[in-house]
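Enquirer: Quick one: structure below, then a few questions.
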Amino acid sequence: MRLGSLHHLVLALLLVAYAGGIIAPASAAGGSWKLLQSSVGVSGMHMQLLHNDRVILFDRTNFGQSNLTFPPGHPCRVNPQDVALPKGDCTAHSVEYSVASNTFRALSVFTDTWCSSGYVAPNGTFVQNGGWQDGTRKVRVMPACTGDGDAAASCDWTEKSSPDPEVLAVGRWYATNQKLPDGRAIVVGGLNQFNYEFLPKSAGPPGAFALPFLSQTNSLYPFVHLNVDGNLFIFAKNRAILFDYKSGAVVRNYTMLGGDGTELRNNPNAGSSVLLPLKPNATEAEVLICGGTPASSSGRRFLPALRTCGRLKITDANPSWVIEEMPSPRVMGDMILLPNGEVAIINGATDGVGGWELANTPSMAPVIYRPDLPFVNRTGRFEVQTPTGTPRPRMYHSSAVLLRDGSVLVGGSNPHQYYNFSNVKFPTDLSLEAFSPYYLDVPKDRRPFMVDPSPKGEPTTVTYGDSLDLLCMIPGRSVVSVTMVAPSFTTHSFAQNQRQLFLQVQVNQAQLFGSSPSVQVPKDAYVASVTMPATPVLAPPGYYMLFVVNDRIPSEGIWVHIQ
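Mature numbering (1 follows the signal peptide of the UniProt record, and there is no 0) puts the sequence shown at residues -21 to -1, 1 to 542.
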């Protein structure tokens, strides 16, 4: 938006009803749970939000029927390699959930997606890869569909098979994807795969490339983050490296997290990790890793999980882990970056490990971690939340993603080999619920609100280093920031490709140009002029949610497409 066009928006501004005064502080440990769907028929082992505000969720496909039957006339899944129903399966194992309408529809996926990975290409297409047995080398693509009903019925998964050159070079089960500055993804590891490769293959180089660090650590779903220098931070088990994927060289080795080697963080020990929010024009980056289990945890012993977290400034010359402690132990938790730069820690258990029936005590209370607070003691940055409503146990094979309204969508949890709803302590969960953090407790008219670009509009296209003017209502303006968040692919306690940047911003009172002086611009109307990230190393190309934040209270987001 250009400032000269503000006079076209006067009516919109005047129709936005905001009370005056100062924002009442949000409850420090509030929030709420809301059940969205009691069942979508499929357990959400994997989740990805797309820029059409629809979430693609899916489970494994080889364990028998789900609870969602395809409508009449829909092709059934016939896969002779299916271990449960080789002659045909007329139930869905993937769902498209519409956030706006709170509805869902069945999608068709034909090869096994169990414990697979994915990323969103720069054009907004979801690229999903790997799995088990017949799915282990598959690449599947799902566009961001438009329309509803019949208009969307033909919009579905497409699966690539050999000899298509775009399939994976090797079979990958429990691998990790990380989007790169050129828009490709690097696919790292997997069970007994101590190597990496790139997608799409047409962008080269083809083949798989050895990474001995993975054989030395031998764990599933390694934590991978794109550093601000363009290299990759890769963490597995209790060790980490900085890796130059262009040359194939290890740039540096970091000190062990939990120096005696008895604390394990990756699956099946199932800790979680985030790259903490990046500051404008970032030259520093920090990683936070929380939870996991002692090395001695195995089977149904249900030993207490780890409550420790390690925070590491990976750009320092000689970094060392700062050890912090969550309010309680947690394994299989999800760490989700919130619009205001805080981290929600949600889902999981306080004991056991990741696996079928291998945890006994669900961790029901979300925790907020505030990375910008000074380090006073090990627990000082954490706060247990006490949301209203009734949460559900979300343990093995659960997931969570941030939505554009600032809430966190939570689903999944199937601690059993098959769907099991009776005579078990923790039945398979097919529901979806939303966790609304404390900042959504404030009245809607006390939140910042973007008028132009509008949250109801189409995504805004920007380029690197571009300026973008946001016409906003900011009641009781205090400390204003603007953040952009890349939507994550979440599975097995790790939100792959999750990334958040604080943008350089200048906030000024809105002025009226070219209109009658008798028309008054509301006093809470501001123009936030933001500068987009300078390079794709900071923000790989694609779709991001952009939020205006006033004193930790975020607006509803808009989609921006940076390219």
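Note that the Cβ used here is the ideal one computed from N, Cα and C, for glycine as well. It should be emphasised that the depicted structure is a prediction, and the values quoted were computed from it without experimental measurement.
1) Going by C-alpha distance, which of 64, 80, 87 and 287 is nearest residue 74?
2) Tell me the residue span of the beta strand (DSSP E) that contains residue 172.
3) So is residue 538 buried or exposed if we call it buried at 16+ other beta carbons inside 10 Å?
4) Taking buried to mean at least 16 other C-beta atoms within 10 Å of its own C-beta, is residue 341 buried or exposed?
5) Measure the C-alpha to C-alpha separation of residue 174 and residue 208 and round it to an integer number of angstroms.
6) Pick helix, strand or coil for residue 334, following the three-state DSSP scheme.
7) I'd like to know if the segment 122 to 138 and the segment 177 to 197 are in contact, where contact means that at least 3 CB-CB pairs between them fall below 8 Å.
8) Are the Cβ atoms of residue 250 and residue 472 separated by less than 8 Å?
9) Whole-angstrom Cβ separation of residue 318 and residue 483, contact assumed at under 8 Å?
10) What number of angstroms, rounded off, separates the C-alpha of residue 372 from the C-alpha of residue 83?
11) Quick one: what does DSSP say residue 578 is sitting in, helix, strand or coil?
12) Could you check if residue 263 is buried or exposed, using at least 16 other CB atoms within 10 Å of its CB as the buried criterion?
13) For residue 423 and residue 243, what's the separation of their Cα atoms in angstroms?
14) List, from N- to C-terminal side, the alpha helix (DSSP H) runs of 4 residues or more that fit wholly inside the segment 173 to 230.
15) Identify, in the order they occur along the chain, each residue of the same chain with its Cβ nearer than 8 Å to the Cβ of residue 352, setting aside the five sequence neighbours on each side.
16) When the Cα atoms are used, what is the spatial distance from residue 94 to residue 439?
17) Could you pull the start and end residues of the beta strand (DSSP E) that residue 523 belongs to?
18) Could you give the distance in angstroms between the alpha-carbon of residue 444 and the alpha-carbon of residue 542?
19) When you compare only the Cα positions, how much space is there between residue 332 and residue 195?
20) Grab me the residues of residue 405's own chain with a C-beta within less than 6 Å of its C-beta, minus the 5 sequence neighbours each way, in chain order.
21) Around the Cβ of residue 316, are there at least 16 other Cβ atoms within 10 angstroms (buried) or fewer (exposed)?
22) Could you give the distance in angstroms between the alpha-carbon of residue 16 and the alpha-carbon of residue 212?
23) Would you call residue 338 buried or exposed, if buried means 16 or more other Cβ atoms sit within 10 Å of its Cβ?
24) Which ranges would you report for the beta strand (DSSP E) in the segment 107 to 168 if only whole runs of at least 3 residues count?
25) Identify the continuous beta strand (DSSP E) that holds residue 387 and give its terminal residues.
Expert: On the basis of the data shown:
1) Selection 64, 80, 87 and 287 evaluated against residue 74 yields 87 as nearest (Cα-Cα).
2) Here residue 172 belongs to no beta strand (DSSP E), and DSSP marks it neither H nor E.
3) buried
4) buried
5) 22 Å
6) coil
7) Touching, no, given that fewer than three Cβ pairs across the two stretches are closer than 8 Å.
8) yes
9) Rounded, the Cβ-Cβ distance is 17 Å, inconsistent with contact.
10) 22 Å
11) In this structure the chain extends from -21 to 542, so residue 578 is not present and cannot be described.
12) For residue 263, the number of other beta carbons within 10 angstroms of its own is below 16, and it is reported as exposed.
13) Their backbone Cα atoms lie some 42 Å apart in a straight line.
14) Taking only runs of at least 4 residues, the alpha helix (DSSP H) segments lying wholly in the segment 173 to 230 are 191 to 196.
15) 359 and 360.
16) Looking at the two C-alpha atoms, the distance is approximately 34 Å.
17) Segment 521 to 529, the beta strand (DSSP E) holding residue 523.
18) 11 Å
19) 21 Å
20) 372 and 394
21) The residue in question, residue 316, is buried, as its Cβ has 16 or more Cβ neighbours within 10 Å.
22) 37 Å
23) Classification of residue 338: buried, given that the 10 Å Cβ count is 16 or more.
24) 118 to 121, 137 to 139, 155 to 158 and 164 to 167
25) For residue 387, the uninterrupted beta strand (DSSP E) run begins and ends at 387 to 391, by DSSP.
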